[in-house]
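Trainee:
Chains as they are written, first to last, in the numbering used here: chain Y, 10 to 388; chain H, 164 to 470.
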């Protein structure tokens with residue numbers, strides 16, 4: 010009996026000892042440790058992977074060039090499984106156990122909103138590559154982003170819809186995503202103020218597969234177009250089911266549409282649909298073409314928006330660390346807050362007093378199974 | 164009215180797939196008195212085997228009519244998943260057969276997680292487009308009702324499989340053995356029934372139906388990922404309980420009811436001021452009501468036959 014008890018006690022003891030040892034090892038390391046939260050698995054896995062590619066690319070480049078402040082950069086990436094709640098858990102782990110000096114992530118606004126209060130409290134600067142909901146940076150002065158925000162994106166799409174002559178529209182909102190709820194709100198504000206009407210407002214939840222119930226209601230209303238500010242996984246199915254029900258109205262949405270799998274799943278159903286995005290690989294600017302070529306040589310495919318945004322946010326962070334001359338959270342924050350005309354792949358980044366980037370948006374369309382550039386909208 | 168009919172149709176097609184999955188739950192419960200929570204994951208594996216079989220056999224089958232290649236892929240996936248179901252039973256559940264039922268139940272949850280995360284490792288975490296095994300085409304019904312031929316074929320396949328299952332259970336020696344086993348395992352063993360073989364067969368049959376369900380579901384909603392089985396599996400489980408678990412017609416009826424209510428709630432919830440998200444909740448509310456007022460399920464009492 011006694012030795013059974015002892016052996017039971019021995020395991021946790023030796024485990025905690027091992028942890029203690031590894032803990033010591035970390036203290037002694039001279040690397041600059043930065044954390045990344047990405048949805049490597051689950052519903053938005055394509056984005057998490059894209060962001061991760063971009064961040065890794067930036068880290069490798071900086072290390073190849075000798076690191077920052079004479080030290081190598083070490084990246085620790087945590088997967089939040091695209092699950093609500095999980096981003097907070099892994100952020101806590103990165104901040105308190107790994108002692109990261111800064112954090113990159115997430116793309117989905119709901120996840121960034123979970124991360125932000127933790128980073129703010131721990132005085133760890135956090136840069137979100139692609140969360141467009143305005144609430145994200147309102148959490149505090151340690152939270153930054155390198156993309157435009159939804160009041161702008163919603164207005165862009167509303168203006169675009171009106172310019173297309175769509176007066177009567179339906180909207181389908183993903184009620185589980187702050188991004189989608191926010192974008193719907195800003196779209197609606199601008200659209201209805203300028204003469205449009207939203208005839209039907211339907212909603213769905215991330216992970217749904219069947220949208221026929223909502224789409225049948227939209228069909229009955231008879232609209233010019235449908236605004237779907239969702240994520241690519243659901244948008245693909247929504248589009249194909251809409252066509253099956255005989256709805257031929259075009260659809261439009263935001264940067265949540267950006268992934269190659271949208272076209273693979275929806276096929277012809279998304280032909281002639283429009284969405285706003287952060288950059289287009291067709292852009293002839295040197296920065297973008299250089300980046301596209303570099304990425305193609307590594308991965309043999311075109312980089313998605315979130316590869317570029319992941320890269321930009323990491324490079325911006327490194328630049329701030331260099332200028333601050335330290336990795337101290339407050340010093341880096343102060344430099345980040347003064348960011349002006351930082352040359353990013355997705356455009357020059359200038360952060361306003363609310364720590365949001367002011368950048369132009371592009372409108373893309375799907376033509377013959379390819380994403381094609383339509384126009385650029387300046388802020 | 165037209166909108167209502169369309170919603171009813173939508174619900175019917177969704178419900179028919181729930182019914183197909185619910186049968187697997189109900190059969191295993193009938194024979195072994197435990198809920199096989201890994202059933203939804205066999206459903207997922209069915210969809211993925213369809214995806215990969217189409218990748219490998221697609222070129223060879225291309226010259227033939229699509230109905231032939233659909234049948235080949237469907238039958239092969241069903242056989243594959245049947246073998247897998249038998250294997251799961253053999254490895255995970257058989258060693259626990261004479262243990263408390265709770266042990267098997269917990270093991271089933273473990274098997275479910277094992278399949279999901281292995282799937283994520285093997286197939287990747289991102290969703291993949293499912294090939295159009297049935298060429299998309301709209302069938303215009305009277306008025307403005309829209310039905311695709313995918314939906315029609317899914318529905319017909321489900322009905323054929325249900326009839327075949329009914330035949331196997333009611334009119335074959337194996338079916339007789341299954342029913343005997345469900346009535347009293349000890350007595351059936353004494354009468355010369357090889358219980359192990361019958362249980363393996365039941366798992367194989369249930370898994371084959373799950374595989375068919377997976378392929379048909381993926382044809383309707385053409386994107387597959389390793390966690391796609393969880394929600395349909397849960398809904399089908401509710402359908403099985405609703406109809407009276409252990410009862411075959413009950414599972415089919417339960418599936419249809421869940422499918423139709425879910426669609427109607429989804430379609431009309433915004434009209435009565437409910438967010439559409441509540442449509443998933445409705446299935447669970449139904450489950451609670453059934454458990455409160457008729458714990459044996461809708462058809463649980465009237466038919467004594469249990470498989």
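Cβ coordinates follow ideal geometry from the N, Cα and C atoms, glycine included.
Evaluate residue 319 (chain H) with the Cβ neighbour count: other Cβ atoms within 10 Å of its Cβ, from every protein chain shown; 16 or more gives buried, anything less gives exposed.
Mentor: That one is exposed.
Trainee: What distance in whole Å lies between the Cβ atoms of residue 321 (chain H) and residue 180 (chain H), which are believed to be in contact at a cut-off of 8 Å?
Mentor: Confirmed, Cβ separation roughly 7 Å.
Trainee: Using DSSP bridges, identify the partner residues of residue 210 (chain Y).
Mentor: According to DSSP, residue 210 (chain Y) bridges with Y:180.
Trainee: When the Cβ atoms of the segment 252-260 of chain Y are set against those of the segment 65-74 of chain Y, are three or more pairs found closer than 8 Å?
Mentor: At 8 Å Cβ cutoff, the stretches do not touch.
Trainee: Helix, strand or coil: which one does DSSP assign to residue 353 (chain Y)?
Mentor: Residue 353 (chain Y) falls in the strand class under three-state DSSP.
Trainee: Can the beta-carbon of residue 321 (chain Y) be found less than 8 Å from the beta-carbon of residue 355 (chain Y)?
Mentor: Their beta carbons are under 8 Å apart, which means residue 321 (chain Y) touches residue 355 (chain Y) by this criterion.
Trainee: For residue 168 (chain H), which residues in the same chain have their Cβ closer than 7 Å to its Cβ, ignoring the five residues on either side in sequence?
Mentor: The residues are 308.
Trainee: By the 7 Å beta-carbon criterion, what residues does the segment 265-289 of chain Y contribute toward chain H?
Mentor: Listed by position along the chain: 270, 273 and 274.
Trainee: Beta-carbon within less than 7 Å of residue 23 (chain Y)'s beta-carbon, same chain only, minus the 5 sequence neighbours each way: which residues are those?
Mentor: Residue confidence for residue 23 (chain Y) is low, a pLDDT of 48 falling below 50, so the modelled location carries little weight and cannot support an answer.
Trainee: Can you tell me whether residue 271 (chain H) is helix, strand or coil according to DSSP?
Mentor: Correct three-state label for residue 271 (chain H): helix.
Trainee: What in chain Y is Cβ-close to residue 386 (chain H), meaning under 7 Å?
Mentor: Per Cβ cutoff of 7 Å: 242, 245, 246 and 274.
Trainee: Could you pull out every unbroken beta strand (DSSP E) segment of at least 3 residues lying fully inside the segment 209-252 of chain Y, listed in chain order?
Mentor: Segments of the beta strand (DSSP E) lying fully in the segment 209-252 of chain Y: 234-236.
Trainee: With a cut-off of 8 Å on the beta carbons, I'd call residue 52 (chain Y) and residue 281 (chain Y) a contact; round off their distance for me.
Mentor: Actually they are not in contact, since the Cβ atoms of residue 52 (chain Y) and residue 281 (chain Y) sit about 26 Å apart, beyond 8 Å.
Trainee: When DSSP labels each residue in this structure, what does residue 386 (chain Y) get in the three-state scheme?
Mentor: Looking at residue 386 (chain Y) - three-state DSSP - the assignment turns out to be strand.
Trainee: What's the gap between the Cα of residue 361 (chain Y) and the Cα of residue 346 (chain Y)?
Mentor: So the alpha carbons of these two residues sit roughly 8 Å apart.
Trainee: Note down, one range per segment and in chain order, each alpha helix (DSSP H) of at least 4 residues found wholly within the segment 142-202 of chain Y.
Mentor: Counting whole runs of 4 or more residues, the segment 142-202 of chain Y contains the alpha helix (DSSP H) stretches 144-147, 159-172 and 187-202.
Trainee: Please state whether DSSP places residue 290 (chain H) in a helix, a strand or coil.
Mentor: Looking at residue 290 (chain H) - three-state DSSP - the assignment turns out to be coil, as it is neither helix nor strand.
Trainee: Name, please, each residue of chain H whose Cβ falls closer than 9 Å to the Cβ of residue 249 (chain Y).
Mentor: Residues of chain H passing the Cβ test: 299, 384 and 385.
Trainee: Looking only at its own chain, which residues have a Cβ that is under 7 Å from the Cβ of residue 126 (chain Y), when we skip the five neighbours before and after it?
Mentor: Taken in chain order, the residues that qualify are 148.
Trainee: I'd like to know whether the C-beta of residue 392 (chain H) is nearer than 8 Å to at least one C-beta of chain Y.
Mentor: Taking Cβ atoms only, chain Y never reaches closer than 8 Å to residue 392 (chain H), which makes this a no.
Trainee: Report all residues from its chain with a CB closer than 7 Å to the CB of residue 164 (chain Y); omit the five preceding and five following residues, and keep chain order.
Mentor: Same-chain partners within the cutoff: 195 and 199.
Trainee: Pull up the CB-CB distance for residue 158 (chain Y) and residue 141 (chain Y), whole angstroms please, since I reckon it's below 8 Å.
Mentor: At roughly 5 Å, the Cβ-Cβ gap stays under 8 Å, so residue 158 (chain Y) and residue 141 (chain Y) are in contact.
Trainee: Let me make sure I understand the geometry here. Which of H:187, H:445 and H:346 has the alpha-carbon closest to that of residue 205 (chain H)?
Mentor: Nearest C-alpha to residue 205 (chain H): H:187.
Trainee: Comparing C-alpha positions only, which one of Y:277, Y:302 and Y:153 sits nearest to residue 358 (chain Y)?
Mentor: Closest option to residue 358 (chain Y), Cα to Cα, is Y:153.
Trainee: So with Cβ pairs under 8 Å, would you call residue 378 (chain Y) a contact of chain H?
Mentor: Residue 378 (chain Y) does not count as touching chain H.
Trainee: Please return the same chain residues whose Cβ sits closer than 8 Å to the Cβ of residue 226 (chain Y), not counting the five positions on each side in sequence.
Mentor: Once the five neighbours on either side are set aside, the close Cβ partners of residue 226 (chain Y) are 209 and 211.
Trainee: For residue 285 (chain Y), list the residues DSSP reports as bridge partners.
Mentor: In the DSSP output, where bridge partners are listed per residue, residue 285 (chain Y) has Y:372.
Trainee: Under 8 Å, do residue 317 (chain H) and residue 386 (chain H) count as touching if we go by C-beta distance?
Mentor: Going by C-beta atoms, residue 317 (chain H) is not nearer than 8 Å to residue 386 (chain H).
Trainee: Flag this pair as touching only if the segment 236-243 of chain H and the segment 205-219 of chain H have three or more C-beta atom pairs under 8 Å; answer yes or no.
Mentor: These segments touch.
Trainee: Whose CA, out of Y:97, Y:206 and Y:342, lies closest to the CA of residue 123 (chain Y)?
Mentor: The option with the nearest alpha carbon to residue 123 (chain Y) is Y:97.
Trainee: Give the straight-line distance between the Cα atoms of residue 270 (chain H) and residue 255 (chain H), rounded to the nearest whole angstrom.
Mentor: Distance between the alpha carbons of residue 270 (chain H) and residue 255 (chain H): 7 Å.
Trainee: Per DSSP, which residues does residue 270 (chain Y) bridge with? Please list them.
Mentor: Paired residues: none, contrary to the question.
Trainee: Does chain H have any CB closer than 8 Å to the CB of residue 59 (chain Y)?
Mentor: Not one chain H Cβ lies under 8 Å of residue 59 (chain Y).
Trainee: Which residues does DSSP pair with residue 311 (chain H) in a beta bridge?
Mentor: According to DSSP, which records beta bridges pairwise, residue 311 (chain H) is partnered with H:301.
Trainee: Going by the beta-carbon positions, is the gap between residue 278 (chain Y) and residue 173 (chain H) smaller than 8 Å?
Mentor: In this structure, residue 173 (chain H) does not lie closer than 8 Å to residue 278 (chain Y) by Cβ.
Trainee: Cβ closer than 7 Å: which chain Y residues qualify as neighbours of residue 288 (chain H)?
Mentor: In chain order: 49, 50, 51 and 54.
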